Amino acid sequence: MNLRMLSYIERTSAIHRLTGAAKLICFILWSVIAMSTFDTQILAVMLIVGLIVFKMSQIHWREVSFVLTFILIFLLLNDLAIYAFAPQQGTVIYGTSHVVFPLPGRYSLTLEQLFYQLNITIKYFAVTPFALLFIVTTQPSEFAASLNRIGVSYRIAYAVSITLRYIPDVQRSYHEIAQAQQARGVDLSKKAKFGRRMRQAASIIIPLIFSSLDRIEIVSNAMELRRFGKKKKRTWYQERSFTRGDYLAIGITVLLLLLSVWILMKRGSRYYNPFK
Amino acid sequence: MKKTVVSFKQFSFKYNSQENSSLRDINLDFHQGERILITGPSGSGKSTLGNCINGLIPNALKGEIKGSLALMDVNTSDVSLFDLSKKVGTVLQDSDAQFIGLTVGEDIAFALENDAVPLDEMKRAVLKAAEKVGMEHFLNQSPQKLSGGQKQRVSMAGVLVDPVTILLFDEPLANLDPASGRQTMRLIDQIQRETGVTVIIIEHRLEEVLAIDLDRILVIADGRVIADESPDRLLASEILQEYGIREPLYLTALKRAGIQITPQLHPERLDKMSLGGIRESLLRWASNDIPEREQLLGERILQLSHINFCYKPDQQVLADVSFSIRKGERIALVGKNGAGKSTLTKLICGLERPDSGTIYVDGKDIGEQTIKERSEQVGLIMQDPNQMISQNMIFDEVAFGLRLRGVDAVEIRRRVYETLKICGLYPYRNWPISALSFGQKKRVTIASILVIEPKLIFLDEPTAGQDYRHYTKMMHFLEQLSSRGVTLIMITHDMHLMLEYTDRALVMADGKLIADQPPAELLSNSKAAERANLKTTSLFQLAEQVDFHDPISFVRHFIADEKGRRAADESANAQLY
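These protein sequence lines are chains A and B, in that order. Residues in the first sequence are numbered from 1 upward in steps of one, following the UniProt record's numbering. Residues in the second sequence are numbered from 1 upward in steps of one, following the UniProt record's numbering.
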């Protein structure tokens, strides 16, 4: 039960104090920069800023370790796949070839390829802290409010928020049902054979589905009784108006975006090339 | 004459999914400021009536309507659910599932958000509504941290943000412990007084609702209005017994003593009743001798010795709990939510392991047993049968536990049939479970545990959500099981269930066992009762009001008398077959 999924972690930090909408805007801009540029200097700046912001948020790495591990594994696979399918991509981009470690066929390892993949890796690391922070420092309803603010339909935004709201409840009823079935003799431990375990898992899933469906019906009735869906627009109790901090955060991000675009224009290439 | 706010005229309703009408030929007028209780057995149509008033019928729940229903002189078929909800505030039964927001404040604000009310105005309205129900200091709390009673207060505040003229409560007491239930009724009373709204309460727990002054009680059965009377007149009639609705205990006691209940006695409220003239006959009845059932002294089946447990290092959930239970005993495990009752159950079922202390079943330390091994000895039945049932057919559900244990098919068939017979489900053995009523489903879950032949069975709220008739049936069934030597531990909030159907009460408070004594004695031990949010039944109050020297023996006397009657009914029934 100690599995930590991505959910809101309550703290009192400057990052938590930012409004959801500001965080969402920053996150989107930040992703645009990271996706558009291969400039190592910009990416390095982003990485450092990301780490500082993460520190400021008072979130501990272990609290997001589950997702982080997942991202790292994915990153590793991605790097390996790039090397497997395009081992000379770096040479193509930077126009030179410094072989570090000769290997058969086209698989010789070049400095250019290493540098290219380093850039890709930094890209990941530049975005990851922001993505994680946006989710764990924004209260789900504020998250919905901010989605709505940037133009997502409030029905969809609310669906997201209410899903987050009921995840703990469903987890709890899963736990209860699992325990009741175990108390009947269902063996969910690793001792039981896989096929058998799968069949027995059905004895938990089926009641869980039915009790969740019941719940959905009650919730949707309760929502209708309180006029959800009546108007084209709705207001949000958790919505907050922008403060200096919000403007500052968005301002810094926009500056960085402009800087990145300026460098790109000046150089006429997305890549910073140390090999020339 | 006060303004009519609800008016049913020759109203009938049939759900599309059902063959017969749920409501037939309803003619009713409710007036501004009235306090109305709608009661009736399960499936009588009382909730359907409520859903017609709040507009869920026909907007969300589809069906066929005949006749008309007008709210504040407007025909409901002409207005949308949204407009209706401004006039009729509904507090649903399950306060957990209807809690939509992530915090108290947000949940109260929900209707305002949907009306796109500006933020500052919304915050003011939320605070005001929260103050009305006394939740203004909890605005930032999440629902997981609230008690059932508090959640219900939030639900009330959530509808009070609107200028409602009708407040509709659908079984407001269903999931509350006795003390929280009393607080809820007090709050409803107070809100009605302050705002002058019409209050409609749908509930089958009549006695608890009578704690506030009511103007009318409606009895619904088979979709028809059977009675529409003032409380005094209804209570003096025979209608409640006829339709299987539990009358207040004090009235049953008075009737047992041979006292005729008339409206002039004011049976509505015990504290207002004029008992002067009937005191003598009551005292005479109470001093009759009724032979008591002899104390069971089977061998010790379960023993807990110095059990300690915590989920997190600094939060002790159970502290030094010790007790023992003998074979065939019926135990009530009572206490507030969060007092440690369910944790205790989990430890005994092997779902959690104690940090220290030992659990013995049948004299053997079961500390090393797996959950599966333990499940052969200890059974657990959850409150909601839907959380246990995983098969389509009754036979398969009951056979499930045996199949898991690899019992051969012939033996399974024999044992399942035998269990189904004990549980009165044999005629339904080839039915799909979905065709059963709530109470029958509950029986199926009991059968599915019973078939494994455990030595003791835990039942979480065995009668929750069942009306008096089903309640009596269920308890009668459990009584029979117990006489077969099955040891039962019932986790319950129902004080009368505890008094009438159990031999001993174990009371938990803050992780400690604070009392272990016969139920009648417990309820007179006001300190323990208070700590555990329990409530004495009206029998005590009655005994005190007539200055009976020993209230406990009065209660005992009543229970023994009831048991005697049940036994007599049973033998009469047996002769019929």
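Just so it is clear, CB atoms sit at the ideal spot from N, CA and C, and this is done for glycine as well. Remember, it's a predicted structure, so these values are computed and weren't measured experimentally.
In its own chain, which residues sit with a C-beta less than 7 Å from the C-beta of residue i, not counting the 5 before and 5 after it?
i	result
residue 127 of chain B	136
residue 562 of chain B	500
residue 15 of chain A	53, 56, 57, 133, 137
residue 319 of chain B	308, 511, 512
Give the C-beta separation of residue i and residue j to the nearest angstrom, bearing in mind that I take them to be a contact with Cβ-Cβ under 8 Å.
i	j	result
residue 231 of chain A	residue 116 of chain B	5 Å
residue 89 of chain B	residue 159 of chain B	3 Å
residue 67 of chain A	residue 133 of chain A	Going by Cβ atoms, the distance from residue 67 of chain A to residue 133 of chain A rounds to 12 Å, so no, they are not a contact pair.
residue 263 of chain A	residue 42 of chain A	7 Å
residue 203 of chain A	residue 181 of chain A	5 Å
residue 183 of chain A	residue 380 of chain B	4 Å
residue 115 of chain A	residue 108 of chain A	Contact flag wrong, Cβ pair sits at about 15 Å.
residue 402 of chain B	residue 451 of chain B	6 Å
residue 157 of chain A	residue 148 of chain A	4 Å
residue 543 of chain B	residue 528 of chain B	About 19 Å; that fails the 8 Å criterion.
residue 447 of chain B	residue 419 of chain B	5 Å
residue 128 of chain A	residue 82 of chain A	No, residue 128 of chain A and residue 82 of chain A are not in contact; Cβ-Cβ is about 18 Å, not under 8 Å.
residue 59 of chain A	residue 17 of chain A	Incorrect: roughly 14 Å between the Cβ atoms, too far for contact.
How about residue i: is its C-beta nearer than 8 Å to some C-beta of chain B?
i	result
residue 38 of chain A	no
residue 223 of chain A	yes
residue 239 of chain A	yes
residue 185 of chain A	yes
residue 23 of chain A	no
residue 137 of chain A	no
residue 134 of chain A	no
residue 246 of chain A	no
residue 113 of chain A	no
residue 149 of chain A	no
residue 176 of chain A	yes
At least one CB of chain A closer than 8 Å to the CB of residue i: is that the case?
i	result
residue 175 of chain B	no
residue 534 of chain B	no
residue 117 of chain B	yes
residue 122 of chain B	yes
residue 388 of chain B	yes
residue 576 of chain B	A caution first: residue 576 of chain B carries a pLDDT of 46, below 50, which makes its placement in the model unreliable, though a value can still be read off. Answer no: the Cβ-Cβ gap between residue 576 of chain B and chain A never drops below 8 Å.
residue 615 of chain B	With chain B covering only 1 through 577, there is no way to say anything about residue 615 of chain B.
residue 110 of chain B	yes
residue 101 of chain B	yes
residue 287 of chain B	no
residue 315 of chain B	no
residue 382 of chain B	yes
residue 138 of chain B	no
residue 183 of chain B	no
residue 422 of chain B	no
Determine which residues share a DSSP beta bridge with residue i and list them.
i	result
residue 490 of chain B	B:332, B:459
residue 229 of chain B	B:217
residue 308 of chain B	B:356
residue 91 of chain B	B:169
residue 11 of chain B	B:26
residue 224 of chain B	B:221
residue 271 of chain A	A:38
residue 4 of chain B	B:31
residue 75 of chain B	B:70
residue 512 of chain B	B:509
residue 517 of chain B	B:505
residue 432 of chain B	B:393
Among residues of its own chain, excluding the 5 on either side of residue i, which ones have a beta-carbon nearer than 8 Å to its beta-carbon?
i	result
residue 44 of chain A	122
residue 276 of chain A	94, 95, 96
residue 577 of chain B	With a pLDDT of 43 at residue 577 of chain B, under the threshold of 50, the modelled position of that residue is not reliable, and no figure is offered here.
residue 19 of chain B	none
residue 142 of chain A	19, 20, 236, 238, 239, 240
Closer than 6 Å by C-beta to residue i: which residues in its own chain qualify, once you throw out the five before and the five after it? Chain order, please.
i	result
residue 189 of chain B	212
Taking the runs of the alpha helix (DSSP H) that are 4 residues or longer, which of them lie wholly in the segment 127 to 170 of chain B? 148 to 160
If you measure beta-carbon to beta-carbon, which residues of the segment 43 to 54 of chain B are closer than 7 Å to chain E? Chain labels in this structure do not include chain E; the protein chains are A and B.
Whole beta strand (DSSP E) runs in the segment 361 to 392 of chain B with 3 or more residues, listed along the chain? 378 to 381
4 or more residues per run - each alpha helix (DSSP H) lying fully within the segment 190 to 262 of chain A: Secondary structure remark: continuous alpha helix (DSSP H) runs of at least 4 residues inside the segment 190 to 262 of chain A, in chain order: 194 to 225.
Where are the beta strand (DSSP E) runs, 3 residues long or more, that stay fully inside the segment 97 to 122 of chain A, in chain order? 99 to 101, all fully within the segment 97 to 122 of chain A.
Suppose only complete runs of 4+ residues qualify. What are the alpha helix (DSSP H) ranges in the segment 154 to 188 of chain A, listed by chain order? 154 to 182
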